[in-house]
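K.L.:
My questions all concern the structure below.
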Amino acid sequence: MVVNVNFQVVSNEFQSKRLDKMTDKTEKKHKTLEQAQQEGKYIRKVRSFVKREGRLTKGQERALTEHWQTIGLNHGDGLIDIKALFGNDNPVVLEIGFGMGKSLVEMAKAAPQINFIGVEVHKPGVGACISLAVEQGVENLKVYEHDAIEILADCIPENSLTTVQLFFPDPWHKKKHHKRRIVSADFVETLRKKLNVGGVFHMATDWENYAECMLEDMQSAQGYKNLSTNNDYVPRPDSRPLTKFENRGQRLGHGVWDLQFERVD
Ligand SMILES: C[S@@+](CC[C@H](N)C(=O)[O-])C[C@H]1O[C@@H](n2cnc3c(N)ncnc32)[C@H](O)[C@@H]1O
314 MVVNVNFQVV
324 SNEFQSKRLD
334 KMTDKTEKKH
344 KTLEQAQQEG
354 KYIRKVRSFV
364 KREGRLTKGQ
374 ERALTEHWQT
384 IGLNHGDGLI
394 DIKALFGNDN
404 PVVLEIGFGM
414 GKSLVEMAKA
424 APQINFIGVE
434 VHKPGVGACI
444 SLAVEQGVEN
454 LKVYEHDAIE
464 ILADCIPENS
474 LTTVQLFFPD
484 PWHKKKHHKR
494 RIVSADFVET
504 LRKKLNVGGV
514 FHMATDWENY
524 AECMLEDMQS
534 AQGYKNLSTN
544 NDYVPRPDSR
554 PLTKFENRGQ
564 RLGHGVWDLQ
574 FERVD
């Protein structure tokens, strides 16, 4: 059975309610999503984002048109050869959900001896990131405009990353939407395999309940060591610039929790 999803552009909340209902219905029909997939059925997955088709500015559009060939990566090209891609053997940082890319470009500019790969689903954000990278003369950065879950599954080799960064992922505040949060037991296990032994998964959030869930998932996961001396959170490292999202949170008086876990196995 093919589940055709024909969405209208309506409010995000309404759209995500519809998605929840559809996925729940599908899950009831099949014992598990995995089982249904094994049977060759197409299932609309629960995603960590709702695609917002915001308009591109002229600058973003130009950046995408003129620089995609050099900075953009395509999901359809499959598994990447990172050394060939960057022309060197430098350490590699993967950032998931970089928003408009301001802090990612800042980090890449400050560390030319490190290769950066960004993944973001929001097209204007990808355009803004490329535009800024070109303006700043950053050459150690490549970006995908695609779902990070699929990029991890299809494009990133195992044991290839020095760091994975996940800064201020969508918190999906309501309990019934927690299943949309990108951090889960499966996700952290997928990342563990993509990291080198000794590589670090760095998360930051300004939503306390999400920080607690991240900590729980990481503490239950095998093969990671918490880099916090108190076995919980770490202070914001100097290498992480304040993101646009975080600046806004600070103005609103939100706390911020950073977590860093090293792959040990
Ligand atoms: C709350 S914003 C934070 C953006 C940025 N990290 C910051 O701190 O300013 C979360 C971002 O993650 C992106 N995102 C959510 N799920 C994603 C996924 N599965 N793959 C790629 N990007 C994703 C969203 O489009 C959004 O831009």
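Mind the numbering: the sequence shown is residues 314 to 578 in this note's numbering, read in order. Yeah, the Cβ is synthetic: ideal placement off N, Cα and C, and Gly gets one too. Predicted, not measured: the structure shown is a model, and the values here were computed from it.
1. With distances taken from CA atoms, which of N403, G440, K488 is nearest E366?
2. Using a Cβ-Cβ cutoff of less than 6 Å, which residues in the same chain neighbour E593 once the five nearest sequence positions on both sides are dropped?
3. Can you give me the Cβ contacts of C526 inside the same chain, cut-off strictly under 8 Å, excluding the 5 residues immediately before and after it?
4. Output the distance between the C-alpha atoms of V513 and Q382, rounded to the nearest integer angstrom.
5. With respect to the beta strand (DSSP E) encompassing E433, which residues constitute its N-terminal and C-terminal limits?
6. Closest by CA to V432, which one among T476, L474, I395, I464?
7. Can you list, in chain order, the stretches of the beta strand (DSSP E) that have 3 or more residues and sit fully within the stretch 400-428?
8. Skipping 5 residues on each side, what residues in its chain have a beta carbon closer than 7 Å to that of K538?
9. Check whether the Cβ of H266 sits closer than 6 Å to any heavy atom of ligand 1, and report yes or no.
10. Excluding sequence positions up to five away, which residues of its chain have a Cβ less than 7 Å from the Cβ of K436?
11. Do F500 and V434 come within 7 Å of each other at the CB atom, strictly closer than that value?
12. In three-state DSSP terms, what is H380?
P.N.:
So, from the listed chains and residues:
1. G440
2. Since the first residue of the chain shown is 314 and the last is 578, residue 593 is not available in this structure.
3. H491, R494, V496
4. 30 Å
5. 428-433
6. I464
7. 405-409
8. F574, E575, V577
9. Outside the shown range of the chain (314 to 578) lies residue 266, about which nothing can therefore be said.
10. L369, E458
11. no
12. helix
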